[in-house]
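Peer 1:
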Amino acid sequence: MPRSDLWSGLAVAGFGLVALLWMIPNYAGSNPFAQMPPGLVPSIAAWIMIICGAIVAAGGMIRLLRDGMLPVTREISWIAIGWAAWPFLYVSVAIWFMTFFKITWLGAFVIAGMLVLLGERRWYMIVGCSVVPPALLYFLSVYMMRVGVV
Amino acid sequence: MDFSAIGAAASEALTLASFIGIGGGVLLGYIIGVIPGLSRSVAISIAIPMTFYMSPYIAISFLIGLSKGTAAGSAVSAILLNAPGEASSAATALDGYPMAKKGKPKTALQVGLIASVLGDIMATIILIFVAIPFARVALLFGPYEMAAILAFALVFIAGLSSGSLFKGLAAGGLGIFLGTVGLDNQTGLPRLTFGYTELMDGMPLIAVAIGTLALSEMFIQSEKLRLERTTMSVKLEHRPDDHITFPIFKRILPTILRGTGVGTFVGALPGLGPSVGSFMSYGMAQKASKTPENFGKGEPIGIAASESADNAVIPAALIPLFGLGIPGNVSAALLIGAFAIHGITVGPLLLRDSPELLYSIFAGMILASIIMFILGWFGLMVFAQITRVPPHVVIPIVIFFCLAGMMLQGYGTFGLVILMAFALLGYLMKKYDYSFVTFLVAFIITPMLELNLRQSIILSRGNWEILLGRPIALFFIVCTLLALIMLTLRTVRTGKPAAGAATD
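The listed protein sequences correspond, in order, to chains A and B.
Counting in our numbering, the first sequence runs from 1 upward without gaps.
Counting in our numbering, the second sequence runs from 1001 upward without gaps.
Okay, here's the thing in structure tokens:
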């Protein structure tokens, strides 16, 4: 935990700094006549992130020093990272395909592909589980919400 | 009391559309609750897009019915699988699973169901009698009081719902920051939109809710499949001696009453979730028992204590929501979003502007409890079968509905990209123990907080001394500072959360 506290705290504080120094001055807008400038609340939020992120990182750092641990580790399990990353990549690729095809038509393939990747081999389960949800979506969008095929 | 509005509410609750909407919500909630890994907040976030075509009353009652159904359904997997559908049913598994293994699964399920329904109905009645007077008082509050109360609620939730106060506050800061994206309502200028017109209305709530709650949870579940895949459910068979009897009911009744009290108290406080309520009630029941050694070995009182408190939390969490407009947990925060989608501002103004809707929702909640009992009693065998559905089948289907929910709102591919970004954020927050509860509540209440803060600054012309004439606002500001100091000291001293509650 101390290692993750250090890095996550730094990430949060870093984001707060980027927000305070770049995002808010450039994109929050301004109004000299407003009694409460539009950047006030985002600035308060950024300060909260900076202060709290720094405290979390400092706490992690102190515990690392106390336990004599390094801030990084060599024991990286690439298999674990792969298992964590592939669903993100899979869904990202599916979203890219959705720029060309509607989710109602593509949905069955998205579900079936993921079922196979997750280890399902029974054909009737693959077909049933991948066809029914898009069919329900079709019914919901076309007949109940009347927004057409999505 | 407006009796004509109450009469109209009762008649609206007894229509066929109401039965279908609320019954559908409870049924869906039951099914989702039975599946381990799918929590109440996941269910609500996925279901919000389904309510677009419903009337506000049916939509909100559907979601509340769904919420109640998941709470009752999660007990089924806790008892038959020893894998609670959500964290708050973990206490149920302590006695439910041993009881099921002893050959009394049906009795355990019936005890859980009766405790759930009674806890839920009694807490709903308390909600009706407390929320309305609460809202009448809250109508007298001005922007100073509301800004102070909202700030207090945020600090309270950050301190109680996460692993560390500072992580909770950091998550809250991020929620506030992202909640300010969109058109500034005073200047009318785009704020933090980076030139994307799609962000003029702010970050889409559906993307934030589904991404951080549902989609990220599915990614975590699929990651877990690497280590654990098997589920062994206790089989439910027809046995003449396996059912609840009147002596058992008489034994568990006092525990149900106490559990309801605990759950209602915990639910009414922002930041404390059903997990705290159910474990607190379980602990109290064990202490009060003459045979505490039986707990953990299949004691029906343990199941009753946990389930009554777990279900009482849901209506009780609506007390601050309907009374003050403050969401005490994620489910209540999502309900604010659902109200907003239907053009309704939840809070004390709801009582003034549309009391008939408020009374209809209350009537719908009672109806949902009754439907929950009927469905649970007669559908036990069917719901028991759902526990056999393996998680690897559930994950792709839920992911599909997450993406479909975004497309139904008409955001297109841009919305899906935002959804993925929030799924990644939710995944990281859950992995590194940053409170996504605080994040989401902060995100949802930020427009209200900013509006009240702005009105306070304009009305006071920046003169802070005006607060001396506003004792309620001053009281909550002092409470906020005290809570900050006490929670900081507690975090520093113990290095642990004040409550450790994952508030759903």
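Heads up, the beta-carbon is just placed ideally off N, CA and C, and yes, glycines get one too.
All values reported here derive from a predicted model rather than from experimental measurement.
#1: Short of 7 Å Cβ to Cβ, which residues in the segment 99-118 of chain A face chain B?
#2: If you draw a straight line from the C-alpha of Ser1018(B) to the C-alpha of Leu1063(B), how long is it?
#3: Does the beta-carbon of Met1200(B) have 16 or more other beta-carbons within 10 angstroms, so that it is buried, or is it exposed?
#4: Is it right to say Pro1396(B) is buried, meaning 16 or more other beta carbons lie within 10 angstroms of its own, or is it exposed?
#5: Comparing the C-beta of Trp78(A) with each C-beta of chain B, is any distance below 8 Å?
#6: What does a CB cutoff of less than 6 Å around Ala46(A) pick up in its chain, not counting 5 residues either side in sequence?
#7: Throw me the rounded Cβ distance for the Val1398(B) and Ile1046(B) pair, which I believe falls under 8 Å.
#8: Pull up the distance between the alpha-carbon of Ser4(A) and that of His1243(B), whole angstroms please.
#9: To the nearest angstrom, how far is it from the Cα of Gln1286(B) to the Cα of Phe1295(B)?
#10: Contact check, Ile111(A) vs Phe1400(B) under 8 Å by CB: the rounded distance?
#11: CB Met1280(B) to CB Arg1258(B), shorter than 8 Å?
#12: Round the Cβ separation of Ile24(A) and Gly39(A) to the nearest angstrom and send it over; I've been treating them as touching at under 8 Å.
#13: According to the Cβ coordinates, are Asp1120(B) and Asn1329(B) closer than 8 Å?
#14: Would a C-beta distance cut-off of 8 Å place Ala1316(B) and Gly1263(B) closer than the cut-off?
#15: Could you check the C-alpha separation between Ile1445(B) and Trp123(A) for me, to the nearest Å?
#16: Return the CA-CA distance between Val1382(B) and Tyr1432(B), expressed in angstroms with no decimal places.
#17: Taking its Cβ as the centre, do 16 or more other Cβ atoms sit within 10 Å of Val1492(B), making it buried, or is it exposed?
#18: When burial is assigned at 16 or more other CB atoms within 10 Å of the CB, is Val132(A) buried or exposed?
#19: Compute the distance between the beta-carbons of Asn1082(B) and Ala1093(B), then report whether it is under 8 Å.
#20: Check the DSSP bridge columns for Gly1182(B) and list the partner residues they point to.
#21: Measuring straight from C-alpha to C-alpha, what distance separates Glu1356(B) and Leu1140(B)?
#22: Chain A beta carbons: is any one of them nearer than 8 Å to that of His1392(B)?
#23: So, Ala11(A) versus Ala54(A), is the Cβ gap smaller than 8 Å?
#24: Any idea what DSSP makes of Ala1083(B), helix, strand or coil?
#25: In chain B, which residues lie with their C-beta within 9 Å of the C-beta of Met69(A)?
#26: Just to confirm the assignment, what range does the alpha helix (DSSP H) spanning His1392(B) have?
#27: Using a threshold of 8 Å, state whether the C-beta atoms of Met1122(B) and Pro1300(B) are closer than that.
#28: Let me know if Leu1016(B) comes out buried or exposed under the rule of 16 or more other beta-carbons within 10 Å of its beta-carbon.
#29: Going by CA-CA distance only, name the one from Ile81(A), Glu120(A), Gly29(A), Tyr138(A) that's closest to Val1393(B).
#30: Which residues in chain A have a C-beta closer than 9 Å to the C-beta of Pro1190(B)? List them in chain order.
#31: Any Cβ of chain A within less than 8 Å of the Cβ of Thr1245(B)?
#32: From Met1203(B) to Leu65(A), what does the alpha carbon distance come to, in whole angstroms?
#33: Which residues, in chain order, does the segment 82-101 of chain A contribute to contact with chain B at a C-beta distance below 7 Å?
#34: Confirm, please, whether the CB-CB distance from Ala1147(B) to Asn1452(B) is below 8 Å.
#35: Please classify Ala1483(B): is it buried, with 16 or more other beta-carbons within 10 angstroms of its beta-carbon, or exposed?
Peer 2: Walking through what the data contain:
#1: Thr99, Ile103, Gly107, Val110, Ile111, Met114, Leu115, Leu118
#2: 12 Å
#3: exposed
#4: buried
#5: no
#6: Gly16, Ala19, Leu20
#7: 7 Å
#8: 49 Å
#9: 7 Å
#10: 5 Å
#11: no
#12: 5 Å
#13: no
#14: yes
#15: 47 Å
#16: 38 Å
#17: exposed
#18: exposed
#19: yes
#20: Arg1191(B)
#21: 21 Å
#22: yes
#23: no
#24: coil
#25: Ordered by position in chain B, no residue passes the 9 Å Cβ test against Met69(A), which lies about 16 Å from the chain.
#26: 1391-1408
#27: no
#28: exposed
#29: Glu120(A)
#30: Tyr27, Gly29
#31: no
#32: 40 Å
#33: Trp83, Ala84, Pro87, Phe88, Val91, Ser92, Ile95, Met98, Thr99
#34: yes
#35: buried
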